[in-house]
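Chains as they are written, first to last, in the working numbering: chain C, 1 to 804; chain X, 805 to 1002; chain P, 1003 to 1332. Here a beta-carbon is modelled for each residue, glycine too, at the ideal position from N, C-alpha and C. Note that the structure is predicted; figures quoted are calculated from it, not measured.
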Amino acid sequence: MSRPISSDKTARDLHRLDTDGAEGSGPIVGGRHGKHDALPLMSGIDRYTDDITLPRMLHCKLVRSPHAHAKIIAIDTSGAEALEGVHAVVIGSEMPIPYGVIPWTPDEHALALHKVRFVGDPVAAVAAVSEEVAIEACRRIVVRYEVLEALVTPQAALARADLKIHEDNRHGNITKHVHLEFGDVDAALAAAALVVEGDYQFHGSTHAPIEPHCAIASVDGKGLLTVWSATQVPHYLQRELAKVLELPMRQIRVIQPAVGGAFGGKSEPFALEFCVAKLAFKTGRPVKCLYTREEVFLAHRGRHPFDMHYRTAFAADGKILAIDAKSLLDGGAYSSFGLVTTYYSGQLLGAPYRFPTYRFDSTRVYTNKPACGPKRGHGSVQPRFALEVQLDKASRTLGLDPIELRRRNFIGENSVTINGFHIGSNGFLQCLEAVVQASGWAEKWGKLPRGHGIGVAGSCYISGTNYCIYPTELPQSAVQMCLDRSGRVRVFAGTSEIGQGSTTMLAAIAAQELGVELDDVRVLAADSDLCPVDLGAYSSRITLMAGNACLTAARTLGDKIRDILAQLWGIPAADIRLEHRRAFSLTNPQVWMPIQEAFIITESKLGLLGSTGSYTSPQSAVHGDYRGGTIGASPAYSFTAHIAQVQVDEDTGEVTIEHIWCAHDCGHAINPVLVEGQIEGSVYMGAAEAVMEHHDTLPSGLRTDGRRRDSGPGVDGLLMASSLLDYRMPTSLDVPQLTALIVQAPDPRGPYGAKEAGEGPLHSAIPAIANAVFDAVGVRIDNLPISPEKVLRGLRNQAGRKPC
Amino acid sequence: MTETAPVDSTFLDTTAAEPTRARRLVICRLQVNGEGVAVVAPVHWTLLELLRYQLGLIGSKQGCDKGDCGACTVLLDGKPTLSCITLAVAVQGRCVETVEGLGVGGEPHPLQREFAERGAAQCGFCTPGVLMSAAAYLDELSSSAEPVVRQADIAAALGGNLCRCTGYTKIFEAVHAAATQILQRSKALADTSTDDAS
Amino acid sequence: MLRLPPFDVHLPDELGAALALLAKHGRQARPMQGGTDLVPNLKLGQTKLEHAVLLAGIDELHGIELDDGELRLGAATGLNALAQDPQVQAHLPALAFAASRIASPQIRSMGTLGGNLCLDTRCRYINQSELWRQALGGCLKSHGRECHVVPGGQGCVAALSSDTAPVLIAYGACVHIAGWQDSALVRRHIALADLYDSDGVRHLRLADAEIVTAVRVPLPSANVHVGYRKWAVRKSIDFPLISVALRLERSDTGSLLAGLLVVSVLGPRPRVIDLKALAGRTIDADLAKALGQMAFDRCRPLPNVPYDADYRRERLAVEVRRLCTEMLNL
Ligand SMILES: Cc1cc2nc3c(=O)[nH]c(=O)nc-3n(C[C@H](O)[C@H](O)[C@H](O)COP(=O)(O)OP(=O)(O)OC[C@H]3O[C@@H](n4cnc5c(N)ncnc54)[C@H](O)[C@@H]3O)c2cc1C
Ligand code: SF4
Ligand code: FES
Ligand code: FES
């Protein structure tokens, strides 16, 4: 069947249809391609959750608590039920089973059961013929509360062990405490040439994806529940739905339509998903709930505010001898991922620098505010800030270039961190070099005119965690693949595409391995009925884990095709290549056929061409052997270096970030366009939280019984910014120039060596900016955000100058 | 369960909610993407509700509820407009263009192609709004006497569209590329027509 | 999503008809132009109404004309039109600049001058959702009895955040108002500065059935210079957190003949400071400094809009100084 092809151009032209002119175009993996799924999304064709409308669909709205901390005495829903157009009302006691994304800390209820714990805690839900009727019905639900004192700072929450936000919590309001020590920290501190000591405050910020949370549920009469949700963890959603609704998982289908951004803000189940499901059962009709923007701010799970005390010891040559870290984490009303955050706050600091002794002590407390959770760079952005600022301070004191100080402390590749994490590939030095070159560091650092400054910082992040958040030996990712006679490749994966490009990544791997073009691959993702389980889009795990699973599945099929063609052509299978819609012999260019034909021949010989691939993380050479030693360990680590250049207006204290160069070691860039996009987006987000964004409640007085203090707004727990007007994310006119530089240090554990790009490039943007501000005007801002009034105060203290 | 055409019956019995309130249904007649439409909607509905829930034009998105984000941007008589805070009755008889009308005959608009190829859309949720603002910028550019593509103008034109994914970098690149292309094309056209004239 | 509460909408095409509707429905009706202020406030339940009277169809409210040494700006003039109009750019450049700094491109193509001048006052305790305000227990401007900005205060001090008001006051603008009395149209005009009252709940000195029809601005003579600066955190979208307009009348010798400093986003009305005391001084860097100090001494931003009030006060001094410095070379 081989179709000889001559070098004659006319002959080749004859085959153009089959090969579609792809001949000669570059590789798919590693090539600069667009985002696979972008066009239909941006044309109003593919649907996000709120774009879906089902027949007879009802609309759901939630009643939320106006108190930060209160007991629920009674709920009267009769007014709502009496309203025409209302089909059902649900309250907490109908879904009494607690849940939590971390199975060890189930402390949330779909709707508050006996107590509300922040302003906005949902207490009831209504399904009605329209959103408008549902809103009106919510107004008619009367909830009687007994108001309790609200604890809105972590210090207050610690001090008031008698006033528990969760009554059954063991230690007052402490949700998690981790203390780990490696080596003799105190001895190292005592013997050091220099100890840099300081307090650092990292403020809260939130994800603010442009798409608000939305969910739809429908039941089919035979008890099958389908939930469409703007989630980044469809699998965990399915599990928690099963738990709370007391249904077997097989009776629940979760579909994640296109998601309009998530960044960690959609990485656990939320009230709306349980409520629409319950209401769909109660009414027998589909029910949709779309959060308002304010509700997105209330759902939160954003960056934890940290109060940190850091001591870092150095030898005279700049080598780090010890790090002693103490952190207090403001967790908000629920645990969320908090157990993990508390570990991450210390566990993820172990690279890119080597240090022989390390101690961290982290305490997370409940407060009466929206719960904090994982935001891009989960748990490790805050400690990274403290450490990288301390390195800058040390370099100044020791008279070393901060780049040199970082080079000297480099941990190296194939190394083990002080807390036992095994680092494989490590491109950190190349990252440093890349930003130094691109920014012109040597001509700038310490040399720019006053008011202008440049700063550097480095960081490291994980490519997925080695262990699932629930104990299991099952694969963390899996892919099913199917080829058919049309020449198409179908990839079924549980992966969550949230804009980061997981669908494109899977398509690229399948296309590369099976010799088709990107558009010949159809990725069907995140539908629990159609796709194997994938744990979700968090901790930058998909490229490494699902990518590996996809690679396995694709190679299995590729091998089958090559085997059949080898028999057919009488050449070794190893000599056969599948590329750009052709199968051909490497040694004899005359021997080839269109890939579609290869699929057909193989299918006719072997039957339907399907395969599976699974990824289970490595079981050895990963982590330390101590309690908690597995948390935060990853199969592979990404590395990043940032240089920021800023201008500080000394009259106003305003910091303008002019340019940020970010070099990121992603292992291997499966699609450089998308990797750059992840770097740019991460740097943008980091810069935004460094200088502009702040998610917090208004500082306020106290109200326990309706009486107020003499000053202050008088009510605790009200969000300072709960709209996209007040929560100031940078506009197109506020964004600094961003330069994304890709560094590739392939890791043997990643597909084609790929690691991650989604979160790592955020971390060191923040300390790089803080360090640049110091370089510009000699002011250290150790409590974020770097707002003009703080800079101005710093300048005043420096100069003893008077206002104006 | 299958999905049907996204037509919402939301307004049918809102009278129940607040029976005392005056309330009217009106027929809104307008041009949407070049087609005349007449739709019945409650008089207090926004253009975004009309587009998404009455006409099934889901391309325009809702991100903030109240004018803060730009996800709902459409062109009203060619001018970028926030459909979430525009009353549908107020645009009677006027021309609305949404992202669904950007491409011609199934072919994506050059902006869309550039956005797709250059990774300027990540989650894609802000993108329809961004595209409409960019389209207004392109219109203004092509109608200006001496068109020059400037990064600063692009950034200013997109100043009302928040994007949380991209850091705007690739958006700027894509708009720049599309603008350059369109200018070149119109220049080439102008050149040939002057050739014809001479 | 946030839905608008139901209300009725009217689209009159004559001024008299609009006024008659407003008169008929009293407090339950309001005029609406671009709706960029009114619609968000309605969605948040902060403003309530039964009847929205859309003014766009009334010809008289449109147009920019030069008339008898004055520029007449119709209330329905769009903000972009204002920013880009050649006559405005030529005669009132600071107004064109101020208009170009409002909100975002979309809002500038929707919003109008009339709406901008009649913008509701803003405060972090009022521009919030119903839930938020319920949790707060309300305030003087909503259903409550206390002001949270000035505890114990008797009046609402929410801030006027219009970008065009201060600069138009500096230009000496006058607003033309039409009302409805005894079933007849009545007209009056007042200095723009007098449009504003000190009560943030009802900060416009307009009767229920009165609307602004136009603004008339005398063309400044060659020795009169007006400038405007706004400070906001972001370069787009944001309302001003401090805004200042400055009018300097220069003598032949370069000294100050007369002037006005208008500071806004303090409370419900812009603060107009007559510069009489500085008359005769040379217009130079020292004057800029003195003005900055004057603003600092005489104005005290309140914690009504977001951001640190003390910082806003310091920022105000810098903005005033910089504004004056910018104007030195004019
Ligand atoms: C995200 C966002 C950002 C913004 N940023 C800014 C900013 O930076 N600077 C700024 O100044 N504004 C800003 N605004 C507010 C607003 O968009 C503008 O002030 C705009 O000019 C209002 O005009 P409009 O025609 O849309 O007013 P409308 O909303 O139609 O009306 C505003 C108010 O004026 C009344 N009114 C309207 N016309 C008349 C009339 N002729 N006579 C009497 N009363 C009348 C209405 O009843 C209403 O109370 C912003 C708004 C949003 C949503
Ligand atoms: S100034 Fe006082 S009364 Fe007025 S809106 Fe603000 S808190 Fe309410
Ligand atoms: S949805 Fe209209 S501006 Fe955000
Ligand atoms: S691409 Fe996601 S918000 Fe812009």
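Item to check | Pair within 7 Å by beta-carbon distance, residue 776 (chain C) and residue 452 (chain C) | outcome: yes
Checklist entry - Listed from N- to C-terminal order along the chain, which residues in the segment 971-982 of chain X have their beta-carbon within a distance smaller than 9 Å of any beta-carbon of chain C? => result 971, 972, 973, 974, 975 and 976
Item to check | Cβ-based neighbour list, residue 740 (chain C), same chain, cut-off 7 Å, excluding 5 preceding and 5 following | outcome: Cβ neighbours of residue 740 (chain C) beyond the five flanking positions: 662, 676, 679 and 680.
Checklist entry - Taking C-alpha atoms, which residue in C:597, C:596, C:569 and C:600 lies nearest to residue 585 (chain C)? => result C:569
Checklist entry - Can you list, in chain order, the residues of the segment 878-889 of chain X whose Cβ is nearer than 9 Å to any Cβ on chain P? => result The segment 878-889 of chain X vs chain P, Cβ under 9 Å: 880, 883, 884, 885, 886, 888 and 889.
Checklist entry - Residues of chain P with a CB under 8 Å from the CB of residue 692 (chain C): which are they? => result What residue 692 (chain C) touches in chain P: 1235 and 1236.
Next on the checklist: With a threshold of 8 Å, are at least 3 pairs of Cβ atoms found where one atom belongs to the segment 765-774 of chain C and the other to the segment 456-468 of chain C?
Outcome noted: yes
Checklist entry - Closer than 5 Å from C-beta to any heavy atom of ligand 3: which residues, in chain order? => result X:866, X:867, X:868, X:871, X:873, X:875, X:876, X:886 and X:888
Item to check | Unbroken alpha helix (DSSP H) run spanning residue 550 (chain C), endpoints | outcome: 542-569
Checklist entry - Is residue 351 (chain C) buried or exposed, if buried means 16 or more other CB atoms sit within 10 Å of its CB? => result buried
Checklist entry - Touch check for the segment 1135-1149 of chain P and the segment 1179-1188 of chain P: three-plus C-beta pairs under 8 Å? => result no
Next on the checklist: Is residue 894 (chain X) close to ligand 1? I mean its beta-carbon at under 6 Å from any heavy atom of the ligand.
Outcome noted: no
Checklist entry - Given that a residue counts as buried once 16 or more other Cβ atoms are within 10 Å of its Cβ, and exposed if not, what is residue 574 (chain C)? => result Answer is exposed; the Cβ neighbour count stays below 16.
Checklist entry - How would you write the range of the beta strand (DSSP E) that residue 144 (chain C) sits in, first residue to last? => result 142-147
Item to check | Within the segment 556-637 of chain C, ranges of the alpha helix (DSSP H) (whole runs, at least 4 residues) | outcome: Entirely contained in the segment 556-637 of chain C, the alpha helix (DSSP H) runs reaching 4 residues are, in chain order, 595-606.
Item to check | Cβ distance (whole Å) where residue 1075 (chain P) is taken to contact residue 1044 (chain P) below 8 Å | outcome: So it is not a contact: roughly 26 Å between Cβ atoms.
Checklist entry - If you compare alpha carbons, which of C:491, C:641 and C:316 is closest to residue 532 (chain C)? => result C:491
Checklist entry - For residue 308 (chain C), which residues from the same chain have a beta carbon less than 6 Å from its beta carbon, with the 5 sequence-adjacent residues on both sides left out? => result 200, 327 and 386
Checklist entry - Run through DSSP, which three-state label would residue 821 (chain X) get? => result Per-residue confidence for residue 821 (chain X) stands at a pLDDT of 45, beneath the threshold of 50, marking its modelled position as unreliable; the derived number appears in the next sentence. Residue 821 (chain X) falls in the coil class under three-state DSSP.
Next on the checklist: Under 9 Å, CB to CB, which of the residues in the segment 1238-1256 of chain P have a partner in chain C?
Outcome noted: Among the residues of the segment 1238-1256 of chain P, those with a Cβ less than 9 Å away from any Cβ of chain C are 1238, 1239, 1240 and 1241, in the order of the chain.
Item to check | Sheet register partners of residue 218 (chain C) (DSSP bridge) | outcome: C:226
Checklist entry - For residue 1136 (chain P), which residues in chain C fall below 7 Å Cβ to Cβ? => result Using a Cβ-Cβ cut-off of 7 Å, residue 1136 (chain P) is close to 66 of chain C, given in chain order.
Next on the checklist: If you reduce the DSSP assignment to three classes, tell me which class residue 849 (chain X) lands in.
Outcome noted: coil
Checklist entry - At which residues does the alpha helix (DSSP H) containing residue 431 (chain C) begin and terminate? => result 428-439
Next on the checklist: Short of 7 Å in beta carbon distance, which residues of its chain neighbour residue 1011 (chain P), apart from the five on each side in sequence? Order them along the chain.
Outcome noted: 1054 and 1056
Checklist entry - Should residue 477 (chain C) and residue 546 (chain C) be called a contact, given that it needs their Cβ atoms to be closer than 7 Å? => result A contact, by the Cβ cut-off of 7 Å.
Checklist entry - According to a CB-to-CB cut-off of less than 8 Å, which residues of the segment 926-937 of chain X neighbour chain P? => result 937
Checklist entry - Should residue 929 (chain X) be listed as close to ligand 4, given that the test is whether its C-beta is under 6 Å from any heavy atom? => result yes
Next on the checklist: Helix, strand or coil, according to DSSP, for residue 712 (chain C) in the structure here?
Outcome noted: Note on residue 712 (chain C): pLDDT 41, under 50, position unreliable in the model; the coordinate value appears next. Note: residue 712 (chain C) maps to coil in three-state DSSP.
Next on the checklist: With a threshold of 6 Å (Cβ to nearest heavy atom), would residue 729 (chain C) be considered close to ligand 1?
Outcome noted: Residue 729 (chain C) Cβ: outside cutoff for every heavy atom of ligand 1.
Next on the checklist: I'd like to check one pair, residue 738 (chain C) with residue 963 (chain X): are the Cβ atoms closer than 7 Å?
Outcome noted: no
Checklist entry - Where do the N-terminal and C-terminal ends of the beta strand (DSSP E) with residue 454 (chain C) fall, by residue? => result 452-462
Checklist entry - Cβ of residue 894 (chain X) less than 7 Å from any chain P Cβ? => result yes
Checklist entry - Closer than 8 Å, Cβ to any Cβ of chain X: which residues of the segment 1087-1111 of chain P, in chain order? => result 1105, 1106, 1107, 1108, 1109 and 1111
Item to check | With 16 other Cβ atoms within 10 Å as the buried cut-off, status of residue 746 (chain C) | outcome: buried
Next on the checklist: Is residue 210 (chain C) a contact residue of ligand 4, with contact defined as CB to any heavy atom under 6 Å?
Outcome noted: Residue 210 (chain C) has its CB nearer than 6 Å to a heavy atom of ligand 4.
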